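>
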Amino acid sequence: MSAYYDLYETPSPDGIEDKKSLHARICPKKTYTKKEFVEHISVFQHLPKNMVGAALDACIDELCDLLANGNIVELGELGFFSTSLKCLRETDDEKKKIRSESVQFQNVNLRISSAFRKKIKHSMILERIHSTTKKTKNEKAATEEMRKERLVLFLQQNVCINKNEYIQLSGLTRHAAIDELNKFIQQGFLRRRGMGRSTVYVQQEKMPNTNK
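Throughout, my numbering is defined as the position within the sequence shown, counted from one, plus 79.
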C-alpha cells in the first residue's frame with residue numbers, strides 16, 4: 080500500500096509572486112478513531128479486541144498520571160513524552176518570585192526516536208495523486224468580504240475562533256490571516272481574548288445607540 084501526497088505552492092515570505100516553489104504534503108486517507116485503531120491492532124496482531132482496548136486505556140491513564148507528576152516517560156521505539164509549562168506573568172528578573180498560581184501546564188511534548196522514524200521511512204511507499212481538497216487559485220482569491228461572511232457564520236456557531244481555525248477558514252497564509260484578524264480588530268468587528276497560544280477572537284458587541 081502507498082501513502083498518497085500532492086504538491087502545494089509555498090507562499091513567498093516576502094510576497095513576491097514570481098518566486099514560486101512547491102512542497103509535498105501527505106493526503107490523509109482517513110482518520111482512525113480509537114475504536115478503529117483497536118480493531119486494526121486486534122486483526123493484524125491477532126490479539127483479543129477487549130484486551131487491546133483495556134491495555135490502551137490503562138497505558139493512557141498511567142501516562143497521564145506519570146506526566147502530571149513531573150516525569151518523562153519513554154515508550155520503547157516511539158520516543159519520549161514530557162510536559163511543558165507557561166508563565167502567565169512575564170518577568171526578566173530572576174529574583175522576582177512568580178507564584179505557583181502564575182505557572183500553568185501548557186502542552187505534552189513527544190520526541191520521536193530515530194528508530195521509530197527509520198521504521199516509518201523504510202516502510203513508506205509514496206505515490207502522487209491530485210488532491211480533491213486542494214484549493215484552486217479561484218478559491219484562494221476569495222475577497223475579504225466573503226471571508227468576513229464565513230467568519231460571521233463560524234462565530235455564530237462557535238462563539239470564538241483561534242488563529243489556526245481562521246487560517247483554515249480563510250485559506251490565507253499564516254501571516255496574511257493574522258494581519259486580517261488584526262485588521263478586523265481595528266475595524267471594531269473583532270475583540271481579542273487571552274494571551275499567546277491561548278488567544279481567541281470573538282465578535283465585538285455592538286454598542287447600544289444612546290442618541291434615541
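We put the beta carbon where it would ideally sit given N, CA and C, even for glycine.
Predicted model only: the values in this text are computed from it and were never measured.
(1) Can you list, in chain order, the residues of its chain whose CB lies under 7 Å from that of residue 291, leaving out five sequence neighbours each side?
(2) CB residue 187 to CB residue 145, shorter than 8 Å?
(3) Could you name the residues of the same chain whose beta carbon sits closer than 7 Å to that of residue 184, not counting the 5 residues immediately before and after it, in chain order?
(4) What does the Cβ neighbour count give for residue 240, buried or exposed, with the cut at 16 atoms within 10 Å?
(5) In three-state terms, what does DSSP make of residue 291?
(6) What's the C-alpha gap between residue 265 and residue 281?
(7) Note down the Cα distance separating residue 181 from residue 168, rounded to an integer number of angstroms.
(8) If you run the structure through DSSP and keep just helix, strand and coil, what is residue 209?
Considering the structure as presented:
(1) Counted from its first residue, the sequence shown places residue 291 at position 212. The predicted position of residue 291 is uncertain, since its pLDDT is 47 and thus under 50; no value can be drawn from it.
(2) Counting from 1 along the sequence shown, the entry for residue 187 is found at position 108. Counting from 1 along the sequence shown, the entry for residue 145 is found at position 66. In this structure, residue 145 does not lie closer than 8 Å to residue 187 by Cβ.
(3) On the sequence shown, position 105 is the one that residue 184 refers to. Taken in chain order, the residues that qualify are 162, 164.
(4) Translated into positions along the sequence shown, residue 240 becomes position 161. Buried, since its Cβ has 16 or more Cβ neighbours within 10 Å.
(5) By 1-based counting over the sequence shown, the position of residue 291 is 212. Only weak support exists for where residue 291 lies, its pLDDT of 47 falling under 50; the value from the coordinates is given anyway. Reduced to three states, the DSSP call for residue 291 is coil.
(6) Along the sequence shown, one-based indexing puts residue 265 at 186. Along the sequence shown, one-based indexing puts residue 281 at 202. Each residue's Cα considered, the two are about 13 Å apart.
(7) For the purposes of this step, residue 181 is taken as the residue at position 102 of the sequence shown. For the purposes of this step, residue 168 is taken as the residue at position 89 of the sequence shown. For residue 181 and residue 168, the distance between alpha carbons rounds to 6 Å.
(8) The sequence position of residue 209 within the sequence shown is 130, counting from 1. Looking at residue 209 - three-state DSSP - the assignment turns out to be coil, as it is neither helix nor strand.
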